[in-house]
Amino acid sequence: MAQTLNRTRVIIASILMCLVHFPVNTTCETEQRSALYGQIESPDYPEPYGNNVDRVWNITVPDGFTIVLYFSLFELEASLDCAYDNVKVSSSEETATFCGNGQFLEFRTPRDRNMTSPNNNMVVEFHSDYSNEEQFSGFVAHYQARDINECLVNNGGCEQVCHNFVSGYYCSCRLYYQLQPDNHHCKVSCRDIVYTSEQDEFQTPDYPDDYPPNADCNWLINVDFGYSINIVFETFQIESHPTVLCPYDFVKIYYDNEVRGPICGDSQSDLPASFSTSGNIANVTFHSDQSVQRMGFRARYDVTGRSCGALYRPTYGMISGSNFTFRDSVRFSCNDGYVINGSTSRSCQANGTWSGIQPTCEIVKCNVPQPISNGEILYYSGMNFSYSNSIRFVCNDYYEMEGISWSECGVNGTWTPEPPVCVPICGESSISPRNPQPGRIVGGQESTPGSWPWQVLINIKAPGFGGLRNTICGGSVLNEEWILTAAHCVTGTEVSLTTYGKVVPNHTVVVSLGIHTRNSPAEHTVVRSALEIIKHAEFDHVTLDYDVALIHLNESIQFNDVIRPICLPPQSTHIEQGDDKHVYIPNVADTDTTAVVIGWGQIQKGRSTSNVLLEVYVGVNVPRNLCNMKLNDPVTTNMVCAGSTEGGLDSCGGDSGGPLMLRDDVTNRYFTYGIVSWGEGCARPDKFGVYVRIENFVDWIQYETFVER
């Protein structure tokens, strides 16, 4: 309140000075400043100040601050008692007057000194008289608010601890004391102090100084159930009596439904014995009377968890963790190939038992292996398909294995590696063919029955002039469901009919497998109809380019000695053939590169077809440019020529769709090098038979036969 009155008095005085004391022709201004820092300058600075000028700066900062003022420049007219020009600095009841410059009355200038107000208000007044013989620069002053540290004087009025902060202060009390409503005084307060951590320390009020009189304290240690408490007194000086047990000051300890004490003593060598509780609660009490005080005590405590029984690793497993007290945990794991059955971790509980159940490690089991197509799985009787068990795979007759022939039950319960696939053995015959003999299918050599097990007879009863036309063609078995043949065999050829250029109806096609004599099917002969017929989309029925087709059988077949598939040509090796390059297995039977053609076709142009399967060996080293020179119709890159310029070796009508075969002299497997397509007559000199070049259609064949339908 006194500070506010002083500030008000200074402000009023500065205003009255402008209104009353200065002449009428004097310029007088009052400027209020409330920022925490700033700068004030003489009028017109940096120009010299004028005559008859009065200026007042009233600087006020928030309560709890003082003001520090510093002049960095001061140059005024010098005069006795600073009667002419001057600067006055006022705060509360004090006023300092300054004038002069670096040559005159320098001791009256305020340079190189800090002026501090006793409160939060300061007034700076400037006055110049009616004339100056010289011009003077004036002054530049800087001010800033500075926090008042109230705690420096009489501890701020605080009984125990004073805390200064910007623009104020507050009082607090030491441990075990409580601040009173007046916010300055403290009273001992050490009752019901609760500890719940697993370790801590406590001491009497004001330790290591003497404890206060008339104190009643208690420290309640209440830890989690499952822990016991260990208490140790590190120092102990409590007023005692030579004959009476602790009548004045004393300590008592309550735990496990017992009371220990009263305890007192005034000798460091006579510390109370350490002790441990059974339960999880202990209450330490302290009492002092109004007379003699001592240093008191300092104590610490920690806890011990209740013990659980020892745990052991499971058979084929491991355990991590070896502490078996309250809240300790152990983890279990199993060796590779075993899985845990039970709790993966267990914790010691407050009642001394373990959570969860003791685990066991059980061997990993794999699912019963699924059967493989066209094969079987071998394993010993009683196998339980557990970790590290192995199984073996074998393929049925007429099939061979692609992949690994065994699998093992792995650590993750899966069979590794993946089961193999049994694929048909292609290009092998259970019955050896005859030795190559010169001749023609036209009156040529009869094949050994069953020596070409992939050859099929295709009978087509399609509409024609005057009724149905009966046509025979050959074909090759690719797998259990598909037959390879020529597109022109399954395409309508009668220009006058709506079937011209289209695939013949499925029901008009009959496929006989395992047959040697057409008119006398054997017991093992299998007959199927067509479920689907696919000819190449670019087949040209005029030029016979792209003359390739597939027949999807209405029912799958089973392989035997006389029904087996042929191989497709690999796409890895080239052999020069005139201006073309042709792909086929390089290890062919002889340097003349002869191929085999088979079929039931005409034994001579215009004659009837053969009743038995015939075979002929023809040369395939015929350059395409030579073939084009000898034939009237063009031979495209999708075609290959076979035969000789002398003639006599050729396929003929009715052989279409059948295979032109080469044999690998390493594997002895036959693959279809071509398909019988067309020619100019049969076995004529300077004419060659023309076949579909199968190497160009391997991708198409594989795509069409593997698409799910």
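Letter by letter, the sequence shown follows residues 1370 to 2078 of the working numbering.
For glycine and all other residues, C-beta sits at the position ideal for the given N, C-alpha and C.
Counting along the chain, F1602 sits inside the beta strand (DSSP E) bounded by residues 1596-1606. For G1433, the closest C-alpha among the options L1937, F1440, S1536 is that of S1536. Cβ-Cβ separation between F1619 and F1666: approximately 11 Å, too far for a contact (criterion under 8 Å).
Judged by DSSP in its simplified three-state form, E1769 adopts strand.
Assigned with DSSP and collapsed to three states, T1573 falls in coil, not helix or strand. A distance below 8 Å between beta-carbons, with the five flanking residues on each side excluded, links T1817 to the following residues of its chain, in chain order: I1800, S1801, P1802, R1803.
With respect to the 9 Å criterion, C1540 and L1548 are classified as neighbours on the basis of their beta carbons. Note on D2019: 16 or more other CB atoms within 10 angstroms of its CB, so buried under the neighbour-count rule. Taking every protein chain shown into account, the CB of M1687 has fewer than 16 other CB atoms within 10 angstroms, so this residue is exposed. The region 1537-1573 contains, as complete beta strand (DSSP E) runs of 3+ residues, the segments 1537-1541, 1546-1548, 1555-1557, 1562-1564, 1568-1572 (chain order). The residues S1881, L1882, G1883, I1884, in chain order, have a CB closer than 8 Å to that of T1894 in the same chain once the five nearest residues on each side in sequence are set aside. Separation of the CB atoms of P1641 and F1695 is rounded to 27 Å, and the pair is thereby denied contact status at 8 Å.
The region 1422-1488 contains, as complete beta strand (DSSP E) runs of 3+ residues, the segments 1422-1429, 1434-1444, 1455-1460, 1463-1467, 1483-1485 (chain order). Just so you know, the alpha carbons of F1594 and Q1727 end up roughly 24 Å apart.
For the region 1843-1924, the continuous beta strand (DSSP E) assignments of 3+ residues that do not extend past its boundaries occur at 1851-1854, 1878-1882, 1895-1904, 1918-1922, in sequence order. Between L1405 and A1510, the C-beta gap is not smaller than 9 Å, which leaves the two residues out of contact. Boundaries of the alpha helix (DSSP H) harbouring N1994: 1993-1999, taken from the DSSP string. Straight across, the Cα-Cα distance linking G1630 with Q1572 is about 17 Å. For W1775, the uninterrupted beta strand (DSSP E) run begins and ends at 1775-1778, by DSSP. Beta-bridge partners assigned by DSSP to G1968: L1983.
In the DSSP annotation of this structure, Q1504 is not part of any alpha helix (DSSP H), being labelled neither H nor E. Cβ neighbours of S1647 within its own chain (closer than 7 Å, five residues either side excluded): S1597, D1625.
Under the three-state reduction of DSSP output, I1726 falls in the coil class, being neither helix nor strand. C1520 carries a helical assignment under DSSP once its states are collapsed to helix, strand and coil. Straight-line measurement puts the Cα of L2000 at about 30 Å from the Cα of A1831. Per DSSP, Q1408 lies in no alpha helix (DSSP H); the unbroken beta strand (DSSP E) holding it starts and ends at 1406-1410. Separation of V1530 and S1566 (C-alpha to C-alpha, rounded to the nearest whole angstrom) is 28 Å.
Per DSSP, the continuous alpha helix (DSSP H) segment holding E2073 begins and ends at 2067-2075. In this structure, W1775 keeps its C-beta atom at 9 Å or more from the C-beta atom of F1754.
Taking a cut-off of 8 Å for Cβ pairs, the region 1421-1441 and the region 1487-1498 touch, as three or more such pairs fall below it. Using a Cβ-Cβ distance cut-off of 8 Å, the region 1901-1913 and the region 1786-1797 are not in contact, since fewer than three pairs of beta carbons, one from each stretch, lie closer than that value. I1622 and K1556 have their C-alpha atoms spaced approximately 24 Å apart. Membership of M1752 in any beta strand (DSSP E) is not indicated, and neither H nor E is assigned to it by DSSP. Beta-bridge partners assigned by DSSP to I1827: C1842, V1880. The DSSP-derived three-state label of G1634 is strand.
Residue range 1585-1591 is occupied by the beta strand (DSSP E) that includes N1591.
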